[in-house]
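There are 4 protein chains.
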Amino acid sequence: MRKRLGKEKLIKERRAQMLTASAKVFAEKGFHKATIREIAGEANVAEGTIYNYFRSKRELLLSLVSAFVEESLQLAMTRPSSKSDKEFLTTLLKDRFTLIDKNMNLVRVILREMMLDEELRHPFFEQILSKISSQLEDLLETRAEEGVFRKLDAFIPVHAMMGSFLGFILLGLDRKGHRLPPEELASQLADFFLNGLRLRSGEEPT
Amino acid sequence: MRKRLGKEKLIKERRAQMLTASAKVFAEKGFHKATIREIAGEANVAEGTIYNYFRSKRELLLSLVSAFVEESLQLAMTRPSSKSDKEFLTTLLKDRFTLIDKNMNLVRVILREMMLDEELRHPFFEQILSKISSQLEDLLETRAEEGVFRKLDAFIPVHAMMGSFLGFILLGLDRKGHRLPPEELASQLADFFLNGLRLRSGEEPT
Amino acid sequence: MRKRLGKEKLIKERRAQMLTASAKVFAEKGFHKATIREIAGEANVAEGTIYNYFRSKRELLLSLVSAFVEESLQLAMTRPSSKSDKEFLTTLLKDRFTLIDKNMNLVRVILREMMLDEELRHPFFEQILSKISSQLEDLLETRAEEGVFRKLDAFIPVHAMMGSFLGFILLGLDRKGHRLPPEELASQLADFFLNGLRLRSGEEPT
Amino acid sequence: MRKRLGKEKLIKERRAQMLTASAKVFAEKGFHKATIREIAGEANVAEGTIYNYFRSKRELLLSLVSAFVEESLQLAMTRPSSKSDKEFLTTLLKDRFTLIDKNMNLVRVILREMMLDEELRHPFFEQILSKISSQLEDLLETRAEEGVFRKLDAFIPVHAMMGSFLGFILLGLDRKGHRLPPEELASQLADFFLNGLRLRSGEEPT
DNA sequence: AATGAATGAGCTTTCATTCAT
DNA sequence: AATGAATGAAAGCTCATTCAT
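So the sequences go chain by chain: A, B, C and D.
Position one of the first sequence corresponds to residue -4 (our numbering), numbered consecutively onward.
Position one of the second sequence corresponds to residue -4 (our numbering), numbered consecutively onward.
Position one of the third sequence corresponds to residue -4 (our numbering), numbered consecutively onward.
Position one of the fourth sequence corresponds to residue -4 (our numbering), numbered consecutively onward.
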C-alpha cells in the first residue's frame, strides 16, 4: 500500500516533470518548433517515455492547457468578497494578472495556438473567460440596479475589460521595462474602468 | 513603353496574387502548417514561382506584414477631424475595426506569429501601435489641459483602449463575425471609454 | 556489460555499413549526384537513420575521408625496413598501390572532390602526402650523403614520384585492361625512378 | 555579304563569350554548383540565350572540353625540333605546363568531371593523352635503338612522366601557383626523368 | 534572336512516432 | 517502465529547361 502510493506519486511527478518541461520549451520555441527531443531532454527522460504518458505532442499541449485552466478556475471561483467596487475589481484583476504573470510563457503559447485551434480555444473560452465574464456581468447588473452604475448592455464593458486585460498581456510582450507591477496595474485599470461605469452626479439612474 | 508598363503591372498583380493566397493559407493553417505547395496552389502558380518573388516562406510572411502595416499607416495618419470627443473616438475605433474586419485573416496570422517572433513584432509595435498610441495620448493630454478630462498618466487609458481593441479581435475569434457591426461597436466602446475619462461634475479639474 | 559491448559493436557496424554504402554511391555518381535515398537504400537503412550517424551528406564525405586517412596513416607509418633502395621504394609504392586498389572507389571520390574543396584537400595533403613526402625526402637525403644518390633538391623528385603515383591512379581509370598488378607496377616504377637518382659511374658525388 | 560575315562573327563571339563565362564559373564552383543563371550573368546574356547556343548545361561543358582539346592539339602537334633530348623534353613539358597554367581552372573542372564521366574522359584520353604518349614513346624507342636509352617497355616511363605531370597539377592545388616557374620546373623534371632513362656507362645497350 | 518568368521534379533534412530491447 | 535507434513522410527550396513575348 505504501509502495503503491509512492508509485502513484512518482508517476504523477514524472507527468508533472514532463508538463513543466514542455511548458518551458513550448514557450521558448512555440509549439511547432519545439521538439520532443528537446522536451525530453529538459525533463530528463527519454523521448519514448513521453509517449508512455501522453499520446502525442499535441496531447501534451492540451494537457498543459487543462492544467492551466484548472489552476485558473480555482482562483476564478474565489470571488473577492465585494467590499467596495474598486476593491472588488482591483482584486479580480490583480489575481488574474498575477496568475498570468506566473505563467506568462505558457499563456503566450496558449494564446498563440488558440487562434488556430478550436479544440484549444474552446476550454479556454468556455471555462475561464465565461466564468470571469459572468462574474463581471453580475457585478455590473447588481450595481446598476442599486443605482450606482449606469444601465448598460453588459456585453460591451465586460468584453472591453477582459479584452483590455488580454491586450495588456499581448502589448506587454514588448515593453518589459514599462510593465507595472500587477497590483498597481490592476488598481489603475479598475479606476479607469469604474469611472466609466459610475453614474455621474446629476444624471438619471434610469 | 506601353508594353513595359503592362509587364510591371502584371508583376505586381502576381505578387498580390501570391500575397493574398498566402494570407489565406497562413490564416487557415498557421505559418508552420501552411505549405508552399498549398499557397502556390491557392495562387495558381507553380511552387518555384513563389521563390521568384519572395526569397523564402518567411519573407512571404514579412511582406504580408509590411503590406498591412503600410495600409494601416495610411489610415492611421488620416486623423479624424475632431469635432466632439465622442465622434473623434468613434471614428478612430470604427476605422480600425473596419480595417481589421477586412483583413481579419491576415491580422490573426500576424498576431499569432508576433508572439514568438521579435522581428515580426517590432514593425507592428513601432510603426502602427505607437502611431495610434501617440494620437490617443495627444487627445487625452489636450483635453486634460482644457479641463474636460481627468488628469491621468496617459499610459493606462491608452493601453487599456488599445488592448481592449485587440481583445475584441481575440474574443471575436469564437464568434463568426462580430455580433455588433463595427459602427455600433465603435460607438459603444467610445462611450464606455469616454465616460471614464470625462471629468465628473464637482470634481477638481486639477 | 556484455549487452553494452554488443550494442556498441552494432553501432560501429551500422556506421561502417553506411560509410561503405556512401563510398560506393559517391564513387558511382559523384558527391552531388549521389542521393541520400540511394545511399540509404544501398546501406539497407532508412534515410533518417543516416542522420542519426552523420550530421549531413557532406559530413558523410568528410567521415569517409577521415576513415581513409586513418587507415592510410597506419600503413604510411610502417616504414619499410630499408634493405636495398630498390626494395624500400618498391615496398613503399606497392603498399600504397594496394591500399588504393582496395579503396579505389573511395579514392576516386576523394580525389574528385578534393579539387574544389579546400576542407577536403587539407587533411589529405597535410596528413597523408606530407608523411610520404618526408619519408621519401629522408631517403633521398640519406642516400645522397652516402654518395649513392645525386645531390638534388628533393622537391622535384619527391613530387614527381608522388605525382606520378597519383597520375597512375587517375590515368588508370580508363585502362582497366592495361593495369599491371600492384607489385609489378611498383617494381618497375621504383626501377625507373631509381635509375634517375643513382649516381652514375664517373660522376662526382659532389 | 558584309553584313552576313559580321553576323556570323558576332555569333561566334557570343558563343565564345558564353564559353568563357562558363569556364570561369565551372572552375570556381564546379560543374554541379555552377548555375546557368550565374553563367548567363557572367556572360551578360539572358539565361534563355544560352539555350540558343547550347542544348544543355552539360553540352556547355562538352564544348568547353572540345575547345580545350583543340587548342591542346595544336600545341601537341608542333613537335619540338629535337636537338638534344634534354631540350626536347624540357620544351615539351614547358609547353604543357604553360598551357595548363593558362587554363588551370578549366583543367581542374575537366579532370574532376572526367573521373565520373566516360563521355568526357574519352576525348581527353584519346585525343590528347594518346598524342603525347605516342610522341614520348617514339622518342624512347628511337633513342633506345640508337643505344642512348635503356630498352624498356615504354608504358611505364611514359605513364610515369605523364602521371607525374598530372600529379604536379593536383599537388599544385594547395600552393597558390607553382613554387617554380614552368621553365624551371620543366627543366628539372626533364633532367630527373632523363637521368633515369639514359644508359649508364658500362651498361649493355642491348 | 533574345529574353526571363514560369515551371516542377527532385533534393536534403527534420522530427513525431514506434517498438525491440 | 524506460529507453533511444530506426523509421519515412513531408517540407522548403533550387535550378535546368521551356516558351510566350
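No residue lacks a Cβ here, since even glycine has one placed at the ideal position from N, Cα and C.
Along the alpha helix (DSSP H) that carries residue i, what are the first and last residues, could you check?
i	result
C:Phe83	80 to 97
D:Ala38	31 to 38
A:Pro176	Note, A:Pro176: premise wrong, no alpha helix (DSSP H); not H, not E.
B:Ala62	52 to 72
D:Met110	Note, D:Met110: premise wrong, no alpha helix (DSSP H); not H, not E.
D:Ala155	150 to 166
C:Glu42	42 to 48
How about residue i and residue j: do their beta carbons lie closer than 8 angstroms?
i	j	result
A:Phe119	A:Val64	yes
B:Leu111	A:Arg116	no
D:Asp80	D:Arg138	yes
C:Glu132	C:Val153	yes
B:Met109	B:Ser128	no
C:Glu42	C:Ile31	yes
A:Gly162	B:Ser17	no
A:Leu134	A:Phe83	yes
D:Ile45	D:Met13	yes
B:Ala149	B:Glu136	yes
B:Ala29	B:Phe21	yes
D:Leu56	D:Phe26	yes
Using a Cβ-Cβ distance cut-off of 8 angstroms, determine whether residue i contacts chain A.
i	result
B:Ala183	Contrary to the premise, residue 183 of chain B reads as Gln rather than Ala in this sequence. Closer than 8 angstroms: yes.
B:Phe63	no
B:Arg138	no
B:Gly43	no
B:Ser159	yes
B:Phe187	yes
B:Ala155	yes
My assumption, with CB atoms under 8 angstroms, is that residue i sits in contact with residue j. Please give the rounded CB distance.
i	j	result
C:Leu94	C:Ser67	6 angstroms
D:Ile151	C:Leu189	About 13 angstroms separates the two Cβ atoms, so there is no contact after all.
D:Phe49	D:Ser61	Rounded, the Cβ-Cβ distance is 12 angstroms, inconsistent with contact.
C:Ala181	C:Lys89	4 angstroms
B:Lys19	B:Glu37	6 angstroms
B:Ile164	B:Val102	6 angstroms
At a Cβ threshold of 8 angstroms, is residue i touching chain D?
i	result
C:Pro152	yes
C:Met110	yes
C:Phe163	yes
C:Ala18	no
C:Glu199	In this prediction, C:Glu199 has a pLDDT of 43, which is less than 50 and means its spatial position is unreliable; nothing more can be read from the coordinates.
Cβ of residue i less than 8 angstroms from any chain C Cβ?
i	result
D:Gly172	Bear in mind that a pLDDT of 47 at D:Gly172, under 50, signals an unreliable position, so the number given afterwards is only what the model happens to contain. Output row for D:Gly172: interface = no.
D:Leu166	yes
D:Arg103	yes
D:Gly25	yes
Chain B beta carbons: is any one of them nearer than 8 angstroms to that of residue i?
i	result
A:Arg107	yes
A:Gly1	no
A:Gly142	no
A:Phe21	no
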